[in-house]
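Protein chains in written order, with full-length UniProt numbering: chain A, 1 to 392; chain B, 1 to 392; chain C, 1 to 392; chain D, 1 to 392.
All C-beta atoms in this analysis are idealised placements derived from N, C-alpha and C, irrespective of residue type, glycine included.
Step one of this worksheet: look at the structure below.
Number of protein chains: 4
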Amino acid sequence: MRDLNPVFIPGPTNMPDRLRAAMNIQTIDHRSPDFAESLQPMLEDLKKVFKTQHGQVFIFPGSGTGGWEASITNTLSPGDKVLVACYGMFSHRWIDMCQRHGLDVEVIECEWGTGAPADLFAQRLATDAQHSIKAVLVTHNETATGVLSDIAAVRLAMDKSAHPAMLYVDCVSSLGSMDFQMDAWGVDLAVSGSQKGFMLATGLAIVAASPKALAALEGARCTRCYFDFRDMGNTNKNGAYPYTPPIQLINGLKASLEMLFKEGLDNVFDRHFRLAEGVRKAVAAWGLRLCAQTPELYSHSVSAIYVPEGFNSNELTDHAYHKYGVSFGVGLGEMAGKAFRIGHLGALTDVLVLSGIATIEMAMKDLDYPIELGVGVAAAQEYLRSTSTAKA
Amino acid sequence: MRDLNPVFIPGPTNMPDRLRAAMNIQTIDHRSPDFAESLQPMLEDLKKVFKTQHGQVFIFPGSGTGGWEASITNTLSPGDKVLVACYGMFSHRWIDMCQRHGLDVEVIECEWGTGAPADLFAQRLATDAQHSIKAVLVTHNETATGVLSDIAAVRLAMDKSAHPAMLYVDCVSSLGSMDFQMDAWGVDLAVSGSQKGFMLATGLAIVAASPKALAALEGARCTRCYFDFRDMGNTNKNGAYPYTPPIQLINGLKASLEMLFKEGLDNVFDRHFRLAEGVRKAVAAWGLRLCAQTPELYSHSVSAIYVPEGFNSNELTDHAYHKYGVSFGVGLGEMAGKAFRIGHLGALTDVLVLSGIATIEMAMKDLDYPIELGVGVAAAQEYLRSTSTAKA
Amino acid sequence: MRDLNPVFIPGPTNMPDRLRAAMNIQTIDHRSPDFAESLQPMLEDLKKVFKTQHGQVFIFPGSGTGGWEASITNTLSPGDKVLVACYGMFSHRWIDMCQRHGLDVEVIECEWGTGAPADLFAQRLATDAQHSIKAVLVTHNETATGVLSDIAAVRLAMDKSAHPAMLYVDCVSSLGSMDFQMDAWGVDLAVSGSQKGFMLATGLAIVAASPKALAALEGARCTRCYFDFRDMGNTNKNGAYPYTPPIQLINGLKASLEMLFKEGLDNVFDRHFRLAEGVRKAVAAWGLRLCAQTPELYSHSVSAIYVPEGFNSNELTDHAYHKYGVSFGVGLGEMAGKAFRIGHLGALTDVLVLSGIATIEMAMKDLDYPIELGVGVAAAQEYLRSTSTAKA
Amino acid sequence: MRDLNPVFIPGPTNMPDRLRAAMNIQTIDHRSPDFAESLQPMLEDLKKVFKTQHGQVFIFPGSGTGGWEASITNTLSPGDKVLVACYGMFSHRWIDMCQRHGLDVEVIECEWGTGAPADLFAQRLATDAQHSIKAVLVTHNETATGVLSDIAAVRLAMDKSAHPAMLYVDCVSSLGSMDFQMDAWGVDLAVSGSQKGFMLATGLAIVAASPKALAALEGARCTRCYFDFRDMGNTNKNGAYPYTPPIQLINGLKASLEMLFKEGLDNVFDRHFRLAEGVRKAVAAWGLRLCAQTPELYSHSVSAIYVPEGFNSNELTDHAYHKYGVSFGVGLGEMAGKAFRIGHLGALTDVLVLSGIATIEMAMKDLDYPIELGVGVAAAQEYLRSTSTAKA
């Protein structure tokens, strides 16, 4: 029965039936006109989600990490300097990957719980008169800490010193759940995946590249083949793929776009904001603290929540899983043992988010956390019911 | 998104993925050996759910109401007197159906919220020296009022006067969710369906007949054809049907039986008891009252709950549906406007039931019911967490 | 692997993925506005398939046989005389059912392989000056013999003698596959099901009643309850059902109507004609004979084919099933052992029908039938390829 | 309706319902014990399909091409010399990929239609006294030409000169359809995917590495990150992934292994041999010629068939697609316009393969190919029926 329960991990998300049906089509020929003709329109539609007019979207079979590898290897060369602010687990992964590909990574260490440090970027870039820094890498939504960074501010910092570095943004767990404005924010490479805002199974790395990023292909000497933008772009032009495309997921993506556009992107973002705010009301009622240090940094797709001193968050998530059959996000990296996470993105409703709050509340009570049953739920209920715009 | 929410109607229930997959098979030939060979073993397995050794089970394509028609028309004749206690909506339907088939229906009117009146049955049967009463009809679980009747007591009452009337029991919304003991309770005809305890789509009427009921076929002169036991039994013997069988649902039923037996019937009943008790704790915390008049009468598959004076339960369920996308049971018959119902049967977990309690709590608050948010949830949480036997 | 093969039984048919997905929806509340609002439009759409403007359509949970029971019991009274021509298995079933419901059945015995005898009807009706005959019952497409009857001719015969009897037509295996014109042919009751032309799972009896038939409700004294038109019509008006409706199948029916209308009914009929004609070319090439005696009688949804003297058709279909994993229709009734049947209705293509022809050809060869491999296939190929209107 | 037709491309293959259901599970937590505990057993089971005891299996989210990239980058360094025989489209792709990763590729050009040239390998390796050649790369089943190479012979050639080069084998379109013996043949890296013999959707690159290959990780300096064996192996040990795993496909793979083992690998191979041989009988009957030059080279998963002089194979496959709704493989590379391909791997039966033969036969007739309708089908029928071991 436990497979009836929703998951509250920050992705993959719960999948709506409609998308499950779309991913459950029988094999069709990926070289057929039907597939070919549907590919370009979908890539165009994806641009609306990235909010880019001049960028180009690439869909690779793989997980989001593959999208990062594509971004780096298609646009940079070994020895290139990149500037990364490290404020969570996923920033760590970018750094590691860059280093493996021979890049010279300069890290700005930030406290976990903070976001992209626009001011520090500005300072550092101002000192880089030779423009040796080729790229600035930031994570829009840091899943480990539940921090949403201000990408526009980073762009502003870069523009202030008129620095030509490109801006790479990991929007895996934000795209399709929170506003993302590729063009307006001057993002050059935006990396996402199928299993978060798109509410699909894992398996697609979805990357958007700006004209400037595409121009960088020419000189980029990082080795690449599977994740090559040119191979992908050239074959996509004819409705094809450089290798066998995952047609079921691609069909799911088409249906996902229809769902997102039907609900309306702004409504999708509002829904995520409300669900997140509901969770935050519960956190406050429990007397607990978010990892994200200030309200401006709150993610609307995931909340990372410190457990009280003397408690182990991993025991809490284990307990919730085994006793109630519900998965929450564990504390990652520095947060291991110290924080648990509630994913509230993708296919989720007021009703289901309350079941998650109620469940973790019981689990905390079971483990003698100093909380009172129902208080978190009540706070979330009050917020959700009073802000719902659904017509009754 | 609302289609992600569980339903809290007292059936059809939420369906587990495993059963949905089983009902989603491509067409197979219903005259093939594969189908034929699987039919009898499944009918035998069903007997374990009815807890009958000597009875015979029939599966008709149709809804539960069809099972009643089958029971009546195969075993009775126009003019036969039947004794029915009326204590809810579904008793009403039996009465109407009996009358349409020309039976002489004697009704014992009971207050809604009470159950099968064993004592009144005993009194009435004691006066029927000529044994003109051919059958006693009771509803095991009255869905309209959330009342579970004591069938063993009815049998005892019948046996006391050594009355030969047969005992017909509607167990549509109890079988597979609460204990039902056909042989031990001396039930002659037991009527159920696919969409409740079996967690399947609607479409199968599942009927069990005792040897005595089968013997009554001989003289029964009610007209019947589609629902004829003999046609069904004779063809079933050879793994066939008198007409095209709904193979997808039948395949689902096979999978449902596997699920029930794997969980263990007693564990299934315990789960339903706990979920029901959790709901009842919430009801008490809200200061509301169940329609079922005493604890012995509490149904563990559905709770019917009176709204406070001055409120309209239909508005409440409408509101919950439109604003939160969750379906609860409306008040039926006498209860229209006065009570709403929470179905807690079939495929359901602690976690999901809390989402239902939280939702109706919000809906009540929205409509200015004198309740405090979170109190019902908290009461249910405390009960569910402290009684859970899941290993943590 | 054998479950990959199409079936060639005359229903249930192969189901398209789109309809399987539509029937695989999670439980929704059948009392919700969403369900309610979709019911009437669907009933209206069904009228387009029956080609009736003034008739009313009823959908009962059950198989097609339930639709017959509904038709008879809602419009006739015990003792009423009905005239049935018996020219196949399914006519037999009508007769049996009428008799069980106390009707006075007058049978015109016809040779199997012939169709509805308009001339004999005319003769008989002409002699019925008292208009004691209340209804004429015919099977549009006799599945046992693969005979399609001329319903317009029957109506003409009835009109000739200005006889007021109603016309009942079994169109279970014709509706949605071959032209059916309820109004133009003066049909009063038309009975179909979900598992043939609608390409769905078994489980819906779909009945259309003319205004005259509806008027007959008043005086009809056959007992009925589950299959009562009035209960169904009255609740349907409000988007509801007298009992729990099979929402998954009803959702499938909605999708089926969309598919049929998208292909266009005339194109659907043309496709069936071509597939049937392809099969008939194969039969001719094998030197075998159809049960249907003349080309005017050929059914386009099923072909019943005599095996040569000295062969047993049941062995042939058994062999095809066990060795090749393909189901064909067995010989029914008089045809048992003498004929096998190829169902070519519902979701089927040129390509798949050829696989059926090739398979039965192999099976015949295995059993030493005097046929040459490939000749049937070649004849069908030639016909299908030269008549295909698909744009290449 | 055309989506009812099977595909005859050489992968992705038709998918059985059982596997579609397994890939259609709702999201589960990839960090949960349930997922973790099922991963290692599945990797062990995969070793039985590769027929390796000491090798290690890695499953990457991606298509087969990703598996090649993993194999090359984890075990080789820029500048390393590799020896590749080029006898088809997919050998071309290996070569291109190796070059992009900075390897020194020495190509032995072979005629298309031939297989891995064991003798030429032997000659070349014998001259490489310094053992500068680090790896020999061959394609087991060349999908473009329908050629199956003798890998054991290649190993023998390598062993003759006691050359320490590693042996890399592309078995994407052979594994699970034809015998593959990793250990016995001394294969060091074997690359496959989910969408061929495993009958699943595209999206998993499945790679097996020998102990020798794993030892080579140490010194391999090709850049890699996403496809890193060590990251994968280290996380897999704990039932985890270095990034989000595609749980639906992985669940499908588990079910696929169950299907393969239940049928029995030898029976699976026999089935493919028979289906292939059936197709080849048809080809012979048409008077056409396979690209594979000798019977020892015949692939049992795909046949590439030359069209007669003066005809264009691309027109043929286009025509079959548009007119009959059936996809065949187009001629790739040198074969474009000259040959079409019939994929006969994965989930396929005697019955379905006949539908493909019948279809392409019609298409050829439509385009005035000098063939007679039915002859190919008849030849295949005779072969298939007389060799079937199915019990009748």
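Closer than 7 Å to chain D by CB, residue i
i: E382/C; result: yes
i: V172/C; result: no
i: S327/C; result: no
i: C86/A; result: no
i: L288/C; result: no
i: P117/A; result: no
CB contact check: residue i to chain B, cutoff 7 Å
i: M15/C; result: yes
i: K134/A; result: no
i: A285/A; result: no
Residue(s) in a DSSP beta bridge with residue i
i: N234/B; result: Beta-bridge pairing links N234/B to no other residue.
i: R289/C; result: Y306/C
i: K81/B; result: D104/B, I133/B
i: A339/A; result: Y306/A
i: Y243/C; result: Note: Y243/C sits in no beta bridge, so no partner.
i: C110/A; result: C110/A pairs with nothing; no bridge assigned.
i: G376/B; result: Per DSSP, none; premise fails for G376/B.
i: L167/B; result: V136/B
Below-7 Å beta-carbon distance, residue i vs any chain C residue
i: A21/A; result: yes
i: C98/B; result: no
i: V82/B; result: no
i: A347/D; result: yes
Supposed contact pair residue j and residue i - C-beta distance, whole angstroms, cut 8 Å
i: H344/B; j: V302/B; result: 7 Å
i: L167/C; j: V154/C; result: 7 Å
i: A116/D; j: D150/D; result: 7 Å
i: L148/A; j: S132/A; result: That pair is no contact at about 30 Å.
i: A347/D; j: T13/D; result: 6 Å
i: L125/B; j: A152/B; result: That belief does not hold up - the Cβ atoms of L125/B and A152/B are roughly 16 Å apart, past 8 Å.
i: M23/A; j: A201/A; result: 6 Å
i: G55/B; j: F227/B; result: Not quite, the Cβ-Cβ distance comes to about 17 Å (not below 8 Å), so this is no contact.
Cβ of residue i within 7 Å of any chain A Cβ
i: V71/D; result: Note on residue identity: the sequence assigns Ser, not Val, to residue 71/D. Taking Cβ atoms only, chain A never reaches closer than 7 Å to S71/D, which makes this a no.
i: V138/D; result: no
i: R385/B; result: yes
i: S355/B; result: yes
Do the stretch 220–231 of chain A and the stretch 295–313 of chain A touch if we need at least three Cβ pairs shorter than 8 Å? Flag = no, the stretch 220–231 of chain A and the stretch 295–313 of chain A do not touch.
Contact list for the stretch 182–201 of chain B against chain A, Cβ threshold 9 Å: Here the close residues number zero.
Does the stretch 77–94 of chain B come close enough to the stretch 108–121 of chain B to have 3 or more Cβ pairs within less than 8 Å? Taking a contact to require three or more Cβ pairs closer than 8 Å, the stretch 77–94 of chain B and the stretch 108–121 of chain B qualify as touching.
Taking a Cβ distance cut-off of 9 Å, strictly less, list which residues of the stretch 25–59 of chain C are near chain A, in chain order. So the list reads I25, Q26, given in the order they occur along the chain.
Where the stretch 241–271 of chain D meets chain A: residues whose CB sits under 9 Å from a CB there: Residues passing the 9 Å Cβ filter: Y241, P242, Y243, T244, P245, P246, I247, Q248, L249.
Decide if the stretch 190–197 of chain D is in contact with the stretch 214–230 of chain D; the criterion is three or more beta carbon pairs, one per stretch, under 8 Å apart. No: the two stretches stay apart, fewer than three of their Cβ pairs being nearer than 8 Å.
Mind the definition here: the stretch 34–43 of chain D touches the stretch 203–210 of chain A only if three or more C-beta pairs lie below 8 Å; say whether that holds. No, because fewer than three Cβ pairs between the stretch 34–43 of chain D and the stretch 203–210 of chain A fall closer than 8 Å, the two stretches do not touch.
Output, in sequence order along the chain, the residues in the stretch 358–373 of chain B whose CB is closer than 7 Å to any CB in chain A. If the cut-off is 7 Å between Cβ atoms, the stretch 358–373 of chain B has A358, T359, E361, M362, K365, D366, L373 near chain A.
Would you say the stretch 7–27 of chain D touches the stretch 252–262 of chain D, given that touching needs at least three Cβ pairs under 8 Å? Counting Cβ pairs under 8 Å, three or more are found: they touch.
For the pair the stretch 352–369 of chain B and the stretch 373–383 of chain A, tell me if three or more CB-CB distances fall below 8 Å. A contact exists between the stretch 352–369 of chain B and the stretch 373–383 of chain A.
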